[in-house]
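What follows is a short report on a single structure.
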Amino acid sequence: MQKISVKLEDATVDYYPQFLSQRFAFEAYNTLYQELAWQQDNITVYGKSVAIPRLQAWYGDEGTQYQYSGLTMWPRPWHPMLLSIKQTIERETSASFNAVLANLYRNQKDTVGWHSDDEKELGTNPVIASLSLGAERVFHLKHKRTKQLTKLALAPGSLLVMSGETQHNYVHALPRTAKAMSERINLTFRKILL
Ligand SMILES: O=C(O)CCC(=O)C(=O)O
Ligand SMILES: [Fe+2]
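Just add 2 to wherever you are in the sequence shown, counting from 1, and you've got this note's numbering.
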């Protein structure tokens, strides 16, 4: 399988342009779009409740609840399609995961702002495996100290694996775009320390 090591200072990022076949990526998109328990969550920012600009769903092993910005996400039991994708990623990367955050970007206005996946439940130097389906969107990575910006177009069926000190040294985001975009699903597989 084709794997591209993205050249980044102080980070380890691998990109698999066609991790899933086009046919399977299309099928997975349709199934997950229809069958996951997509919800609109609110977070508390400066004491105010704000709707997150995307839909989300959290699936995982029992005990993998996850907290951020005043929001606790309780895991739903694995959907068979998520479990099968997880196992395929585990075989290829030799990492293991026990939960996944599914994001649904409904259009070009849905985004995720600058952050690192550095919640304490993930431990130091977590492996985050990010699978993309549906519309292609541009993922941004920014070095915290040098501010060096890297942009990666994430194709449907592609896998981006961030490991090593990436979360420590970089923030990442999926910005909104001026151009109209159809729906995109992103699955970020994680390992919550229990
Ligand atoms: O949608 C993406 O590609 C990124 C999602 C992300 O960064 C996250 O869920 O932590
Ligand atoms: Fe993230």
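Backbone N, C-alpha and C fix where the C-beta goes; we use that ideal spot for every residue, glycine too. None of these values were measured; they are calculated from a predicted model.
Nearer than 7 Å: is that true of the beta carbon of residue i relative to any heavy atom of ligand 1?
i, result
"Leu176", "yes"
"Phe99", "no"
"Leu156", "yes"
"Ser2", "The question about residue 2 has no answer here: the residues shown for the chain are numbered 3 through 196."
"Ser132", "yes"
"Leu135", "no"
"Asn44", "no"
"Leu106", "no"
"Asn188", "yes"
"Leu161", "no"
"Glu73", "One detail in the question is off: residue 73 reads as Leu in this sequence, not Glu. No, Cβ of Leu73 sits at least 7 Å from all heavy atoms of ligand 1."
"Leu103", "yes"
For the candidate residues the options, whose alpha-carbon lies nearest to that of residue i?
i, options, result
"Leu195", "Tyr68, Ala157, Val114 and Arg147", "Tyr68"
"Gln4", "Ser23, Ala13 and Thr14", "Ser23"
"Pro55", "Glu185, Pro79 and Leu34", "Glu185"
"Ser98", "Leu124, Glu167, Arg108 and Lys111", "Leu124"
"Thr148", "Ala13, Ile6 and Val8", "Ala13"
"Gly247", "Tyr61, Gln110 and Ala131", "No answer is possible for residue 247: the residues shown for the chain start at 3 and end at 196."
"Phe26", "Trp60, Pro158 and His81", "Pro158"
"Thr90", "Thr126, Gly72 and Leu133", "Leu133"
"Val102", "Ser96, Gly115 and Ile87", "Ile87"
"Thr74", "Glu29, Lys146 and Glu121", "Glu121"
"Glu11", "Asn171, Ala175, Phe191 and Lys193", "Asn171"
"Glu37", "Thr46, His117 and Tyr61", "Tyr61"
"Asn100", "Ile6, Val47 and Phe191", "Phe191"
"Glu138", "Leu151, Trp40, Pro177 and Trp80", "Pro177"
Run through the DSSP bridge pairs and tell me what residue i is partnered with.
i, result
"Met75", "Tyr68"
"Asn105", "Gln58 and Asn188"
"Ala53", "Asn44"
"His117", "His174"
"Asp16", "Ser7 and Val163"
"Ala131", "Val163 and Phe191"
Beta carbon of residue i: closer than 7 Å to some heavy atom of ligand 2?
i, result
"Thr126", "no"
"Thr179", "no"
"Thr2", "For residue 2 there is no data in the structure shown, the boundaries of the chain being 3 and 196."
"Thr113", "no"
"His142", "no"
"Asp119", "yes"
"Thr168", "no"
"Thr95", "no"
_Completely contained beta strand (DSSP E) runs for the region 133-193, where each covers 3 or more residues_ = 139-145, 151-156, 161-165, 172-176 and 186-192
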